[in-house]
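The next block holds one structure in the form of structure tokens; read it before the comments.
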Amino acid sequence: MTYQSDLAPTLLEVRGLRTEFDTRAGTVTAVDGVSFTIEKGERVAIVGESGSGKSAMAMSLLRLLAHPGRVAGGQVLLDGRDLASLSERALNAIRGREVGTVFQDPMSSLDPVMKVSRQMVEPIMRNLGLSREAARAEAIRWLDKVGIPDPEGRIDAYPFEMSGGMRQRVMIAMALSCRPRLVIADEPTTALDVTIQAQIVEMLKDLTAEAGAAMMFITHDLGLVARFAHKVAVMYAGRIVEFGPVDAIFAAPQHPYTQSLLRTIPSVDATKDTRLPQIPGIPPDMRHKPEGCAFRARCAVATARCALEAPELTARAGDLAAACWVEGGLRAAPQALEPRRRVAAPLDDTRVTVEINNLVKHFEGRGFLARNRRAVRAVNGVSLRVRKGETLGIVGESGCGKSTVARLLLGLDQPTSGEIFIDGLAQMVFQDPFSSFNPKMTIARIIEEPLAVQNWGDRASRAARIEQLITQVGLEPAHLVRYPSQLSGGQRQRVAIARALALNPSVVVADEPTSALDVSVRAQIINLLADLKADLGISFVFISHDLLTVRYISDRIAVMYLGEVVEYGPAEDVFDRPMHPYTRALIDAVPIPDPRLEAARTNAPLRGDLPSPLDLPVGCAFASRCPMATAMCRTDKPRLKKYRQSQEAACHYAK
Numbered sequence: 001m002t003y004q005s006d007l008a009p010t011l012l013e014v015r016g017l018r019t020e021f022d023t024r025a026g027t028v029t030a031v032d033g034v035s036f037t038i039e040k041g042e043r044v045a046i047v048g049e050s051g052s053g054k055s056a057m058a059m060s061l062l063r064l065l066a067h068p069g070r071v072a073g074g075q076v077l078l079d080g081r082d083l084a085s086l087s088e089r090a091l092n093a094i095r096g097r098e099v100g101t102v103f104q105d106p107m108s109s110l111d112p113v114m115k116v117s118r119q120m121v122e123p124i125m126r127n128l129g130l131s132r133e134a135a136r137a138e139a140i141r142w143l144d145k146v147g148i149p150d151p152e153g154r155i156d157a158y159p160f161e162m163s164g165g166m167r168q169r170v171m172i173a174m175a176l177s178c179r180p181r182l183v184i185a186d187e188p189t190t191a192l193d194v195t196i197q198a199q200i201v202e203m204l205k206d207l208t209a210e211a212g213a214a215m216m217f218i219t220h221d222l223g224l225v226a227r228f229a230h231k232v233a234v235m236y237a238g239r240i241v242e243f244g245p246v247d248a249i250f251a252a253p254q255h256p257y258t259q260s261l262l263r264t265i266p267s268v269d270a271t272k273d274t275r276l277p278q279i280p281g282i283p284p285d286m287r288h289k290p291e292g293c294a295f296r297a298r299c300a301v302a303t304a305r306c307a308l309e310a311p312e313l314t315a316r317a318g319d320l321a322a323a324c325w326v327e328g329g330l331r332a333a334p335q336a337l338e339p340r341r342r343v344a345a346p347l348d349d350t351r352v353t354v355e356i357n358n359l360v361k362h363f364e365g366r367g368f369l370a371r372n373r374r375a376v377r378a379v380n381g382v383s384l385r386v387r388k389g390e391t392l393g394i395v396g397e398s399g400c401g402k403s404t405v406a407r408l409l410l411g412l413d414q415p416t417s418g419e420i421f422i423d424g425l426a427q428m429v430f431q432d433p434f435s436s437f438n439p440k441m442t443i444a445r446i447i448e449e450p451l452a453v454q455n456w457g458d459r460a461s462r463a464a465r466i467e468q469l470i471t472q473v474g475l476e477p478a479h480l481v482r483y484p485s486q487l488s489g490g491q492r493q494r495v496a497i498a499r500a501l502a503l504n505p506s507v508v509v510a511d512e513p514t515s516a517l518d519v520s521v522r523a524q525i526i527n528l529l530a531d532l533k534a535d536l537g538i539s540f541v542f543i544s545h546d547l548l549t550v551r552y553i554s555d556r557i558a559v560m561y562l563g564e565v566v567e568y569g570p571a572e573d574v575f576d577r578p579m580h581p582y583t584r585a586l587i588d589a590v591p592i593p594d595p596r597l598e599a600a601r602t603n604a605p606l607r608g609d610l611p612s613p614l615d616l617p618v619g620c621a622f623a624s625r626c627p628m629a630t631a632m633c634r635t636d637k638p639r640l641k642k643y644r645q646s647q648e649a650a651c652h653y654a655k
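So in UniProt numbering, spot 125 of the sequence shown is number 125, and the numbers just go up one at a time.
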């Protein structure tokens, strides 16, 4: 079933789109009969877990699928023309000119050895029929519109000479410069900091509205959906299971999958007394798609009919459409919130697991002549304490020094100066476990590796320890004979946690452990870490740019900016009563999964980029971006001071 607005004519209509991949195991249907419409000027978000078919569907619209993928059926009507039936030459005339694209990773989309000017000017000349001079002027105009500083100079830069946020701005300028009527953006903000993400989203909203362009926005961030979209399509196992206006989807979702996704997100005022709701299981293997409803194995309200017959998308109240046999979805069986486990021993200020005193790390710069080498000041005088059984969250933008502190804590880098004291052993959980595993080793050998390196026990005792660890992180002993490629992302992260626990560490450093995971799997990992802290009394250093997750899991939070801690205190105090303007800017940039709260926001996103760590400002490092900055801020450096009983800030105007 498709929906059309009475307010604007239909720009894009997708009818029964079917996408298949031919594999050795047979034909896999990645997109299974998807139908929807996008009206002129409308922003439609496509959400769902990894493997749900979001990106495959988006690539199918313009036939950009790489072999062995192919569009096997359906129609893609752009103003009535079926793109699925056009020749490659005719479709090339539409790509870029009528439909622009913004992809997740601009570094892989932009040619690294070609200047930005060439990558922008030639498409503008071809699609708009302008001369080279006029096309260059138009490219500069768009770089200026998307907030690139010094666009006349930057246009002749190479992509590798730009930050991630600037590269994504270039991609947006390229997508919009040919004045398309539809923009397809596939996870355009996933790899960006929350502050840059807020800038990009506002920019996309403003520029598409100004140009009258429609937009299809693919994301797994439901907070961004609430901030950005007019309508939402929820995909699961290659099909749309719910579709409708964003307000209705968030206020009264009808499908159990949509309801479950929304429940797994920590809210801005979430209590720490209850565990995050989880979606059990994992999405089905599309090579062996189950009969009936694909979600039934994970659904709390599944009936016998769900196993026999797949429901179609049918109209519900509030202009919604849902594919579910159970009216009301999970409301038919309300979910009881499970209490969160308590820490085994009360937090004790006298038992400190980690103490960092005046930590400094400078990396020597590169240059042919010694006088031209300038040090990168990655960490500048950081002092922190982590108590037994406590989780310290460290937040801040990329380049602020979070991961450098983690590497120093683990001895992977040596400090320039300062002291680090650890009561016991420290271990690490990395962002991407797949890249930290040997793909040719079984899970049992991966977990055994630290035990073998440290000559821990004999073979029998190690085998018993491995089985204990795999059970402790919520996996089955049967997983031990598998290889990393045979596990899901969430299962691999559980294995990484088991490996980190093997030698009974007193502190575990988790560097972005959930950022590569779907929101449903993220809740499982957060609950697991909280359980381990409660059961084992382990301390955690949790590094993330996901502020809602940090607030939920942390006891204390350190906010870092350009190598320094600018605010430090209890998690609730830092979030509810931030003292530093940078902390406030980070919190204001967090997208809230509630369209009503998002619509009521009046704060402007933080502007500008981090100053270079090669050339630190004289006064407050945040002064160039701070709305409260005065002349004193640009000359006098504020020190971290205690302003409240347990909260510290480095700001002249903290209260």
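Beta carbons: idealized from backbone N, C-alpha and C, even for Gly.
Quick caveat: nothing in here was measured; it's all calculated off a predicted structure.
- Burial state of VAL31 is buried, judged by a 10 Å Cβ sphere holding 16 or more other Cβ atoms.
- For ALA45, the uninterrupted beta strand (DSSP E) run begins and ends at 43-47, by DSSP.
- A Cβ-Cβ distance of about 7 Å is found for the pair LEU61 and ILE184, placing them in contact under the 8 Å criterion.
- With a cut-off of 8 Å on Cβ pairs, the stretch 408-419 is not in contact with the stretch 562-581, counting fewer than three such pairs.
- With a contact defined as Cβ atoms closer than 8 Å, ALA523 and LEU276 qualify at about 4 Å.
- Apart from the 5 residues on each side of it in sequence, VAL507 sits with its Cβ closer than 6 Å to the Cβ of THR353, VAL354, ALA426, SER539 in its chain, given in chain order.
- Per DSSP, reduced to three states, the secondary structure at THR391 is strand.
- Within 10 angstroms of the beta-carbon of SER520 lie 16 or more other beta-carbons, which makes it buried.
- Within the stretch 553-611, the complete beta strand (DSSP E) segments of 3 residues or longer fall at 556-561, 564-570, listed in chain order.
- Beta-bridge annotation (DSSP): HIS362 is paired with ARG377.
- Around the C-beta of ASN358, fewer than 16 other C-beta atoms lie within 10 Å, and the residue is accordingly described as exposed.
- By the criterion of a C-beta distance shorter than 7 Å, GLY608 is surrounded in its chain by SER624, ARG625, once the five residues flanking it on both sides are discounted.
- Taking 3 residues as the minimum length, the beta strand (DSSP E) runs contained wholly in the stretch 202-253 are 214-218, 231-236, 239-245, in order along the chain.
- Annotation: the continuous alpha helix (DSSP H) that includes GLY153 extends over 151-154.
- Boundaries of the alpha helix (DSSP H) around ILE446: 443-453.
- Under the Cβ criterion (8 Å, minimum of three pairs), the stretch 61-80 does not count as touching the stretch 121-128.
- Just so you know, the alpha carbons of VAL232 and ILE240 end up roughly 10 Å apart.
- With a beta-carbon spacing of about 7 Å, ILE497 and LEU528 fall inside the 8 Å limit used to define contacts.
- In this chain, the alpha helix (DSSP H) harbouring SER177 covers 164-177.
- Going by C-alpha positions, PRO284 is about 28 Å away from ALA84.
- In this structure, DSSP gives MET428 an extended state, which the three-state scheme calls strand.
- For ARG601 against PHE575, the beta-carbon gap comes to about 16 Å, at or over 8 Å, which does not count as contact.
- Distance from GLY96 to ASN127 at the Cβ level is roughly 6 Å; contact confirmed, criterion being Cβ atoms closer than 8 Å.
- When beta bridges are read from the DSSP output, ALA321 appears opposite PHE243, ALA315.
- Per the coordinates, the alpha-carbon of VAL170 lies some 13 Å from the alpha-carbon of ASP150.
- THR195 carries a helical assignment under DSSP once its states are collapsed to helix, strand and coil.
- In this structure, the straight-line span from the alpha carbon of TRP325 to that of THR29 is close to 23 Å.
- When the Cα atoms are used, PRO627 and CYS633 turn out to be separated by approximately 11 Å.
- In this model, HIS220 and GLY48 are separated by some 6 Å (Cα to Cα).
- GLN414 carries a coil assignment under DSSP once its states are collapsed to helix, strand and coil.
- Residues LEU11 of the same chain have their beta carbon placed closer than 7 Å to that of ASP79, with the five preceding and five following residues left out of the count.
- With respect to the C-alpha of ILE265, the residue from GLN254, HIS255, ILE279 having the closest C-alpha is ILE279.
- The continuous beta strand (DSSP E) containing VAL71 extends over residues 69-78.
- Under the three-state reduction of DSSP output, GLY51 falls in the coil class, being neither helix nor strand.
- Annotated as distal: ALA650 and TYR643, with beta-carbon spacing of 7 Å or more.
- In this structure, the straight-line span from the alpha carbon of ASP156 to that of THR190 is close to 26 Å.
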